[in-house]
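Counting in this note's numbering, the sequence shown runs from 39 upward without gaps. We put the CB at the ideal spot given by N, CA and C, even for glycine. It should be emphasised that the depicted structure is a prediction, and the values quoted were computed from it without experimental measurement. To start, the structure under review is shown below, and the notes come after it.
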Amino acid sequence: ERAGSERAQHACALARGENPPLPDPKIEARPAGKTTIGAGIVATRDGMIVTNHHVVDGCSAIIVLDSSKIRTPAERVASDSKNDLALIRASRSFPEVAAFRKGVQLQAGESVTVVGYPLASILGSEPNVAFGYISATTGLRGDASTFQISAPIHKGNSGGPILDQSGNVTGIVTSKLDALAIQKRTGDLPQNISFGVKGEIAQVFLDAQNVGYQSSDAKRKLENTEVAAIGKAITVLVACRKIPSAADERQ
């Protein structure tokens with residue numbers, strides 16, 4: 039309020055042709071900060087959510103938003119930067135939790151469903167569903183901890199689930215190929231080359247944190263609409279608020 043009053047005095051002084059009063063040096067402008075959006079997977083009913091490390095790295099505050107538009111603060115519990123995984127805890131309970139696939143190896147050609155919040159500032163906070171296939175069972179340069187999918191992803195998909203046809207989590211969206219960089223290098227524009235962290239890697243991470251998640255070896259094929267409904271029920275928007283440091287402000 040005091041800062042607003044000083045701004046009004048400044049404007050009035052200029053209108054009268056006077057020199058405006060000097061600002062009070064004790065009043066500091068609040069840093070604008072930046073909010074980035076990702077997704078997360080509800081792993082337990084008591085609020086444990088798994089997402090990407092890069093989604094919550096450096097956050098001064100984390101908010102999760104579910105499909106019912108309920109906002110809840112969360113805190114980071116653990117991170118694995120090597121595998122781009124993180125565990126956060128929301129201060130509420132959830133009615134639905136994910137089931138992670140066990141005992142069934144990934145196969146090229148499998149249908150997959152991806153749920154997330156791509157381009158949320160444009161498309162809104164409704165969970166978005168995309169479909170595709172497992173293109174390869176390894177990631178970049180044969181990385182065995184990740185796999186390649188054809189489903190299109192964008193900013194806001196990171197940390198969201200990759201579901202099989204039974205609605206089980208087979209992976210976690212982590213990145214996509216930089217198409218423009220590849221085009222500059224090769225002259226070819228690649229499309230829909232995205233990557234996920236394998237579900238078994240995520241399960242090892244959750245085991246290390248003593249998280250009691252659910253797993254399933256169910257093989258019953260569901261309709262796309264049924265898988266989408268499961269995905270939307272277990273996926274939350276993860277908003278990361280970053281306040282620039284004093285060093286950042288000086289740059």
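Note down, in chain order, each residue of its chain lying with its Cβ closer than 7 Å to the Cβ of residue 84, except the 5 sequence neighbours on either side. So the list reads 131, once near-sequence residues are dropped.
Cα separation between residue 145 and residue 107? If I take the Cα positions, the gap works out to 35 Å.
Determine the burial state of residue 143: buried for a count of at least 16 other Cβ atoms within 10 Å of its Cβ, exposed for fewer. With fewer than 16 Cβ atoms within 10 Å of its Cβ, residue 143 is classed as exposed.
Spatial neighbours of residue 163 within its chain, please: C-beta separation below 8 Å, excluding the five flanking residues on both sides. So the list reads 103, 107, 155, 275, once near-sequence residues are dropped.
Closest residue to residue 265 among 239, 151, 241 (Cα-Cα distance): Of the candidates 239, 151, 241, the residue whose Cα lies closest to the Cα of residue 265 is 151.
What three-state label does DSSP hand residue 113 in the structure shown? Strand at residue 113.
Unbroken stretches of the alpha helix (DSSP H), 4 residues or longer, contained in the segment 243 to 277: Correct list: 262 to 272.
Okay, do the segment 89 to 96 and the segment 170 to 177 touch, 3+ Cβ pairs below 8 Å being the bar? No, the segment 89 to 96 is not in contact with the segment 170 to 177.
With respect to the beta strand (DSSP E) encompassing residue 103, which residues constitute its N-terminal and C-terminal limits? Segment 99 to 103, the beta strand (DSSP E) holding residue 103.
Whole-angstrom Cβ separation of residue 212 and residue 122, contact assumed at under 8 Å? About 5 Å separates the CB atoms of residue 212 and residue 122; that is less than 8 Å, so the two are in contact.
Alpha-carbon spacing of residue 35 relative to residue 238, whole angstroms: The chain is shown only over 39 to 289; residue 35 falls outside these bounds and no answer can be derived.
Return the CA-CA distance between residue 82 and residue 166, expressed in angstroms with no decimal places. Taking the straight line joining both Cα atoms gives about 22 Å.
Taking only the alpha-carbon atoms, compute the straight-line gap between residue 280 and residue 72 and give it to the nearest angstrom. Their backbone Cα atoms lie some 5 Å apart in a straight line.
Reduced DSSP category for residue 203 - H, G, I as helix; E, B as strand; rest coil: In the three-state scheme derived from DSSP, where H, G and I count as helix and E and B as strand, residue 203 is classed as coil.
Pairwise C-alpha distance: residue 79 and residue 263: The alpha-carbon atoms of residue 263 and residue 79 are separated by roughly 19 Å.
Taking residue 150 as part of the beta strand (DSSP E), name the residues at either end of that continuous run. 149 to 154 is the extent of the beta strand (DSSP E) around residue 150.
Residue burial classification, residue 160 (beta-carbon count within 10 angstroms, cutoff 16): Burial check for residue 160: the Cβ neighbour count within 10 Å stays below 16, so the residue is exposed.
CB of residue 184 to nearest heavy atom of the ligand ATP: below 8 Å? This structure simply doesn't include the ligand ATP, nor any ligand for that matter.
For the segment 133 to 142 and the segment 176 to 196, state whether three or more C-beta atom pairs, one from each stretch, are separated by less than 8 Å. Flag = no, the segment 133 to 142 and the segment 176 to 196 do not touch.
Do residue 124 and residue 91 have their CB atoms nearer than 9 Å? One thing to note: residue 124 has its Cβ within 9 Å of the Cβ of residue 91.
Is the distance from the Cβ of residue 278 to the Cβ of residue 87 below 9 Å? No.
Could you tell me the distance, in whole angstroms, from the CA atom of residue 269 to the CA atom of residue 191? Distance from the CA atom of residue 269 to the CA atom of residue 191, rounded to whole angstroms, is 15 Å.
Distance between beta carbons of residue 205 and residue 157, contact taken as under 8 Å: At roughly 25 Å, the Cβ-Cβ gap does not stay under 8 Å, so residue 157 and residue 205 are not in contact.
Ranges of the beta strand (DSSP E) found wholly within the segment 132 to 194, counting only runs of at least 3: Counting only runs of 3 or more, we get 137 to 139, 149 to 154, 166 to 174, 184 to 187.
On the DSSP bridge assignment, give the partners of residue 126 in chain order. Paired residue(s): 87, 114.
Could you check where the beta strand (DSSP E) with residue 75 kicks off and where it finishes? Counted as a single uninterrupted DSSP element, the beta strand (DSSP E) harbouring residue 75 occupies residues 72 to 80.
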